[in-house]
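Here our numbering is used: the first residue of the sequence shown is 48, the next is one more, and so on. Here a beta-carbon is modelled for each residue, glycine too, at the ideal position from N, C-alpha and C.
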Amino acid sequence: MRPSNFRPKNIGIYTLPGVEEAEATAGSMIQYLEAAGAQTFVCTSRSDECLRRQIEEGSVDVMIALGGDGTMLRAGRLCAPHGVPVLGINLGHFGFLTEVERNDWQKMFPELLEGNFRLEDRMMLRAVHRRSGQELSEWQVLNEVVVCRGQFVRPIRVRASVDGYQLAAYVADGLIAATPTGSTAYALAAGGPIMPPELRNILIIPIAPHLSVDRGIILPEGAKVTITALTNHEAVLSVDGQSPVTVLDGDEIEVEASSHAASFIRFQDPSYFYSNLTHYMEQNPVTGNLP
Numbered sequence: 048m049r050p051s052n053f054r055p056k057n058i059g060i061y062t063l064p065g066v067e068e069a070e071a072t073a074g075s076m077i078q079y080l081e082a083a084g085a086q087t088f089v090c091t092s093r094s095d096e097c098l099r100r101q102i103e104e105g106s107v108d109v110m111i112a113l114g115g116d117g118t119m120l121r122a123g124r125l126c127a128p129h130g131v132p133v134l135g136i137n138l139g140h141f142g143f144l145t146e147v148e149r150n151d152w153q154k155m156f157p158e159l160l161e162g163n164f165r166l167e168d169r170m171m172l173r174a175v176h177r178r179s180g181q182e183l184s185e186w187q188v189l190n191e192v193v194v195c196r197g198q199f200v201r202p203i204r205v206r207a208s209v210d211g212y213q214l215a216a217y218v219a220d221g222l223i224a225a226t227p228t229g230s231t232a233y234a235l236a237a238g239g240p241i242m243p244p245e246l247r248n249i250l251i252i253p254i255a256p257h258l259s260v261d262r263g264i265i266l267p268e269g270a271k272v273t274i275t276a277l278t279n280h281e282a283v284l285s286v287d288g289q290s291p292v293t294v295l296d297g298d299e300i301e302v303e304a305s306s307h308a309a310s311f312i313r314f315q316d317p318s319y320f321y322s323n324l325t326h327y328m329e330q331n332p333v334t335g336n337l338p
């Protein structure tokens, strides 16, 4: 956590299209911010090209993400390489990563415009997919890298190596390599530990392991993990819950700390993570929809 030292003047608002509440809220925010002397723009796109163009042009000091944790992940990945901090306004069900609830933004915007906030840097991962030594794709990752079975309900075999040394071999539905941010996402559902957001360690956790190591392993800062798929049926790779990519037998996925960090705007006391933890763990965003 580091203190801010600027008053933002160029503010972007990012939301997904077709969400009426988000579009209406964005309109109200523009009126408020421009009346206060700020320059604003809105990106409503699933392709992210609008947001990427504005960030690369250097025309934004702060990005406001309207939505849930998925919107925060998308905004964080795009803003991190350019050092643009993100403020999350929760319009979703859970909002573990967001900072301000949907009805509280007008109370917090004066603090934003005065620079009365902290910047919380979150570790990111760099993931590279290789096949026969050839690099196929590269991603910047905020939550997790997952190598898992595809449509066939059969476990896959994967091998994890750390800095060139074999760590463990697994027969499981999959293997997760998560950041501390991702430790409260899929890794938590798979039985992993909760890691404070300021750490820079990679968490390795298997998904439904069968006669394999069934405990999560927290690796030292700076470690590089190589996940090798050993499978004769469909396996896939997914980063931050994005569309899966087919993984073949022998493919390698290298995961290490990225040179970029996602920066989130925080108004709360630095101990907020611990004070909010029980509150979030006792919530289930589905139960409110049950009869």
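What residue does the alpha helix (DSSP H) around residue i start on, and which one ends it?
{"i": "T72", "result": "67-82"}
{"i": "L160", "result": "152-161"}
{"i": "T118", "result": "116-126"}
Which partner residues does residue i have in the DSSP bridge list?
{"i": "A14", "result": "Absent from the structure is residue 14, since the part of the chain shown begins at 48 and ends at 338."}
{"i": "S318", "result": "Answer is none; S318 lacks a bridge partner."}
{"i": "E182", "result": "R177"}
{"i": "S40", "result": "The structure shown does not extend to residue 40, since the chain is modelled only from 48 to 338, so the question has no answer here."}
{"i": "P50", "result": "R165"}
{"i": "S34", "result": "Look at the range of the chain in this structure, 48 to 338, and you will see that residue 34 is not part of it."}
For residue i, does the three-state DSSP call read helix, strand or coil?
{"i": "Q187", "result": "strand"}
{"i": "D296", "result": "coil"}
{"i": "A85", "result": "coil"}
{"i": "Q101", "result": "helix"}
{"i": "N137", "result": "strand"}
{"i": "L324", "result": "helix"}
{"i": "A236", "result": "helix"}
{"i": "V109", "result": "strand"}
{"i": "R149", "result": "coil"}
{"i": "I241", "result": "coil"}
{"i": "P227", "result": "coil"}
{"i": "L144", "result": "coil"}
Which residue comes first and which comes last in the beta strand (DSSP E) that contains residue i?
{"i": "D95", "result": "It is not in any beta strand (DSSP E) - D95 carries neither H nor E in the DSSP assignment."}
{"i": "T231", "result": "Looking at the DSSP string, T231 is not in any beta strand (DSSP E), and its letter there is neither H nor E."}
{"i": "A174", "result": "165-178"}
{"i": "G59", "result": "57-62"}
{"i": "V131", "result": "Taken as a continuous stretch (DSSP letters only), V131 belongs to no beta strand (DSSP E), as it is neither H nor E."}
Quick one: does the C-beta of residue i sit closer than 8 Å to a heavy atom of the ligand ADP?
{"i": "T118", "result": "Among the components modelled here there is no ligand, and therefore nothing to report on the ligand ADP."}
Every unbroken beta strand (DSSP E) inside the region 246-302 [3 residues or more] = Those beta strand (DSSP E) runs which fall completely within the region 246-302 and span 3+ residues are 250-254, 272-277, 282-286, 292-294.
Does the region 56-70 come within contact of the region 108-121, defined as at least 3 CB pairs closer than 8 Å?
-> Under the 8 Å Cβ criterion, the region 56-70 counts as touching the region 108-121, having at least three qualifying pairs.
Taking three-plus beta-carbon pairs below 8 Å as touching, is the region 122-136 in contact with the region 196-208?
-> The region 122-136 is not in contact with the region 196-208.
Validate contact between the region 170-177 and the region 129-143 using beta carbons, cut 8 Å, 3 pairs | Because the criterion of three Cβ pairs below 8 Å is not met, the region 170-177 and the region 129-143 do not touch.
Pair every Cβ in the region 281-294 with every Cβ in the region 175-191, then say whether three or more of these pairs are closer than 8 Å.
-> In this structure the region 281-294 lies against the region 175-191, because at least three pairs of beta carbons, one per stretch, are closer than 8 Å.
Would you check if the region 271-279 and the region 88-102 touch, i.e. whether three or more CB-CB distances between them fall below 8 Å?
-> They do not touch, by the three-pair rule.
Stretch pair the region 219-227 + the region 186-204: three plus CB contacts closer than 8 Å = Contact check between the region 219-227 and the region 186-204: three or more CB pairs, one atom from each, fall below 8 Å, which counts as touching.
The region 230-248 in contact with the region 261-276 per 3-pair CB rule at 8 Å = Taking 8 Å as the limit for Cβ pairs, the verdict is that the region 261-276 does touch the region 230-248.
The region 177-192 / the region 287-302 touching (three or more Cβ pairs under 8 Å) = Segments in contact, yes.
Is it true that the region 211-218 meets the region 227-240, where meeting means three or more beta-carbon pairs spaced less than 8 Å apart?
-> Below 8 Å, too few C-beta pairs join the region 211-218 and the region 227-240 to call them touching: fewer than three.
The region 141-151 contacting the region 79-93, beta-carbon criterion three pairs below 8 Å = Cβ pair count under 8 Å is below three, so no.
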